[in-house]
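These notes concern the structure reproduced below.
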Amino acid sequence: MEKYIKLTVSFVKRQYYPHLLLLFLFVALSGGFVSFRGLESQQAAKVMEMYAAFTGILLFTPLFMPEQDREIWDLERSKGTPMWKNYFLRFILALIVCFLVITLFISFMIRGGSEFEIFSLFRGACCEILFLGSIGFFASAVTNQVVIGYMFAVIYYALNIGGGKYLENFALFQMMKGEYGTWMHWLLGATVLFVLGIVIREKMVLPDQIVRWK
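Heads up: the sequence shown runs through residues 1 to 214, numbered per my numbering.
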């Protein structure tokens with residue numbers, strides 16, 4: 001386990017810290033883009049769904065970034081250790097930061113005198129943000145390109161603006177309509193995409209610049 005922890009620390013220092021800094025800036029400037037004062041439940045949900053949702057994209061999409069470099073990929077493979085353990089620790093790190101950011105946004109609204117059901121909003125926001133992040137995570141896993149992962153996640157977000165009815169149970173922005181029951185579908189979708197993403201990466205090999213599977 002110590003070896004995987006060291007690899008995770010190296011990942012943060014070498015590849016992940018710019019994303020964490022961008023996320024810190026995203027949170028720090030949030031007051032200039034959205035209001036946290038005197039919100040009702042649907043308004044509070046809108047803050048989480050339309051703004052805080054980008055947290056998932058920023059945190060989960062770049063988790064395979066080191067392996068875009070063929071030399072790093074070969075080095076990690078040569079150590080003869082299961083890569084999924086490495087990916088899983090990165091995922092746990094991103095998950096912890098995600099929970100902290102969601103907690104911060106909710107605390108901002110509480111301090112601003114907003115009134116909403118805390119647990120329902122927290123649960124729904126966590127599941128929705130995880131689901132959106134899992135789309136970028138999965139696309140990045142399949143293509144070995146973080147940029148494409150970002151594109152897929154942002155496109156899915158954009159599709160939900162006006163086209164959510166076509167996505168049925170996996171549509172975003174449901175809480176600000178007063179519908180809090182979709183969290184189960186988001187959580188299920190996120191779980192499937194995260195697990196598949198890790199499994200795909202574990203089976204993937206990179207001969208030269210061609211991506212294929214064992």
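Each residue gets a CB set at the ideal place from its N, CA and C atoms; glycine is no exception.
For a quick check, are the C-beta atoms of Val215 and Phe64 less than 8 Å apart? Residue 215 lies beyond the residue range present for the chain, which begins at 1 and ends at 214; the question has no answer from this structure.
If I'm right that Phe138 touches Leu196 with Cβ under 8 Å, what's the distance once you round it to whole angstroms? Taking 8 Å as the upper bound for CB-CB distance, Phe138 and Leu196 are in contact here, some 6 Å apart.
In whole angstroms, what is the alpha-carbon distance linking Ile210 and Ile110? Low confidence applies here, because Ile210 scores a pLDDT of 41, under 50, leaving its location unreliable; read the following figure in that light. Roughly 50 Å between the two C-alpha positions.
What are the boundary residues of the alpha helix (DSSP H) that includes Val154? For Val154, the enclosing alpha helix (DSSP H) begins and ends at 146 to 163.
What are the boundary residues of the alpha helix (DSSP H) that includes Glu2? Counting along the chain, the alpha helix (DSSP H) containing Glu2 begins and ends at 2 to 11.
Option in Gln43, Leu59, Gln42, Tyr87 with minimal Cα separation from Leu7: Checked all of Gln43, Leu59, Gln42, Tyr87; the closest Cα to Leu7 is Tyr87.
Please name the residue in Gly163, Glu2, Tyr150, Gly113 whose C-alpha comes closest to that of Gly215. One cannot answer for residue 215 here, as it falls past the ends of the chain, which runs 1 to 214.
Could you tell me whether the Cβ atoms of Pro62 and Tyr16 are closer together than 8 Å? Closer than 8 Å, so yes.
Alpha carbon to alpha carbon, what distance is there between Ala45 and Leu121? Whole-angstrom Cα-Cα distance: 7 Å.
I'd like the span of the alpha helix (DSSP H) that includes Tyr87, first residue to last. Taken as a continuous stretch (DSSP letters only), the alpha helix (DSSP H) holding Tyr87 covers 83 to 111.
Would you identify the three-state DSSP class for Gly38, choosing helix, strand or coil? Looking at Gly38 - three-state DSSP - the assignment turns out to be coil, as it is neither helix nor strand.
Can the beta-carbon of Phe187 be found closer than 8 Å to that of Cys127? Sequence inspection shows Leu at residue 187; the Phe mentioned does not correspond to that position. Between Leu187 and Cys127, the CB-CB gap stays under 8 Å.
Where Ser215 falls: helix, strand or coil (DSSP): Residue 215 lies beyond the range of the chain shown here (1 to 214); nothing can be said about it.
Between the alpha carbons of Leu132 and Phe24, how many angstroms are there, rounded? Rounded to whole angstroms, Leu132 to Phe24 spans 19 Å at the Cα level.
Could you say which of His185, Val34, Asn160, Thr55 lies nearest to Thr103 if we only look at CA atoms? Selected option, being the one with the closest Cα: Thr55.
Host alpha helix (DSSP H) of Gly31 (start-end): First-last for Gly31: undefined, no H or E at that position.
Identify whether Thr182 lies in helix, strand or coil by the three-state DSSP scheme. Thr182 falls in the coil class under three-state DSSP.
Taking Cβ positions, are Phe116 and Pro66 nearer each other than 8 Å? No, Cβ-Cβ distance for Phe116 and Pro66 is not below 8 Å.
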